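K.L.:
Have a look at the structure that comes next, please.
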Amino acid sequence: MNAVGWVSGVMLGVAGLLTTFHVIRARNLVDRAVGVDMLVAVILNGLAVSIAITRDALVAVLLLIIGLLAFLGSVTIARYIEQRGP
Amino acid sequence: MNTVVDVLAAVMLIAGSALALIAAIGLFRMPDAYSRIHVATKPATLAVVFTVGAAVLRVPGLAPTTKLLLAVLLQFWTAPVASHMLGRAAHAAGLRPADPWAVDDLQAAEEAAGEIEPVVDEGHAAPTTPADPLGPDDG
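Protein chains in written order, with our numbering: chain A, 3 to 88; chain B, 1301 to 1439.
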């Protein structure tokens, strides 16, 4: 299970780095919002992997909180783009 | 029995992480903002389902399982709504699909109602054209 945790962690780390580069290089606000959404999904994945590896569900509440905050942030950015432009 | 569950959880962990990695690569491969919204939402949701499912298989007890399943349910509720809002906002802000064969029903409806002119999204291309339709990159 330890090796599985390492492989998953490395893949999620590479995914997070690629998404960060995408957020930096994005040309408009929609791409940035999509990249930040994707970054939140990678963080949720990392939390779930850590729960599965350690068998300790202490951070299970963080999955709920971060997911809800990301949703509110995305909707707010979308409303803002609709008024201001990309 | 325990070994079977562990192997299943390991496969789900690897699959979820690989899906997240594929989605991150797809952010660079897709041509316009709508394809990127698509590629960031669908595999990301499925990846969360896989990894949280593995956590549900591994963690004993009822209360953590309830929280994890509620997290999956919340992801299923919110991810499509958020991506739909982003796509609608991108359309309202003037971005258009880069693919000339893409079907754009909202554009047709707005043209029927007498609305805005189309603007092409150039993705990651360098800002070479003098008349940049997106304006300066002020983020």
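Every residue gets a Cβ at the ideal spot worked out from N, C-alpha and C, and that includes glycine. Just so we're clear, the structure is a prediction, and the values are computed from it rather than from any experiment.
For Met1385(B), decide whether its Cβ has a neighbour in chain A, counting only Cβ atoms nearer than 8 Å.
P.N.:
Taking Cβ atoms only, chain A reaches closer than 8 Å to Met1385(B), which makes this a yes.
K.L.:
Which one of Ser1383(B), Ala1402(B) and Ala1398(B) has the shortest CA to CA distance from Lys1342(B)?
P.N.:
Comparing Cα-Cα distances from Lys1342(B) to each of Ser1383(B), Ala1402(B) and Ala1398(B), the minimum goes to Ser1383(B).
K.L.:
Determine the closest residue to Val1349(B) out of Ala1409(B), Ala1315(B), Pro1397(B) and Leu1406(B), with distance taken between C-alpha atoms.
P.N.:
Taking only the C-alpha atoms, the option nearest Val1349(B) is Ala1315(B).
K.L.:
Does the beta carbon of Thr1303(B) sit closer than 8 Å to a beta carbon anywhere in chain A?
P.N.:
Judged by the 8 Å Cβ criterion, Thr1303(B) is not in contact with chain A.
K.L.:
Could you confirm whether any beta carbon from chain B is found closer than 8 Å to the beta carbon of Ile26(A)?
P.N.:
It does not; no Cβ of chain B falls within 8 Å.
K.L.:
Give me the chain B residues within the contact set of Asn47(A), using Cβ-Cβ distance strictly less than 7 Å, ordered along the chain.
P.N.:
Simply Gly1316, Ser1317, Ala1320, Ala1347, Val1348 and Thr1351.
K.L.:
Check Arg1396(B) in the structure and name its three-state DSSP category.
P.N.:
Of the three classes helix, strand and coil, the one that applies to Arg1396(B) here is strand, per DSSP.
K.L.:
Kindly indicate which residue of His1338(B), Asp1404(B), Met1312(B) and Leu1395(B) has the alpha-carbon position closest to the one of Val51(A).
P.N.:
Among His1338(B), Asp1404(B), Met1312(B) and Leu1395(B), the Cα nearest to that of Val51(A) is on Met1312(B).
K.L.:
Could you pull the start and end residues of the alpha helix (DSSP H) that Met1312(B) belongs to?
P.N.:
Start and end: Asn1302 to Arg1329.
K.L.:
Check whether the Cβ atoms of Met3(A) and Leu1321(B) lie closer than 8 Å to each other.
P.N.:
Cβ atoms of Met3(A) and Leu1321(B): not closer than 8 Å.
K.L.:
So, for Ile1357(B): in the same chain, excluding its five sequence neighbours on each side, which residues have a beta-carbon less than 7 Å away from its beta-carbon?
P.N.:
Here the sequence assigns Leu to residue 1357(B), which means Ile is not the residue at that position. Correct list, in chain order: Val1305, Leu1308 and Ala1309.
K.L.:
Whether or not the segment 36-48 of chain A and the segment 1326-1346 of chain B are in contact is what I'm after, with contact meaning three or more pairs of Cβ atoms, one per stretch, closer than 8 Å; do they touch?
P.N.:
As far as the Cβ criterion goes, the segment 1326-1346 of chain B touches the segment 36-48 of chain A, which means the pair count is three or higher.
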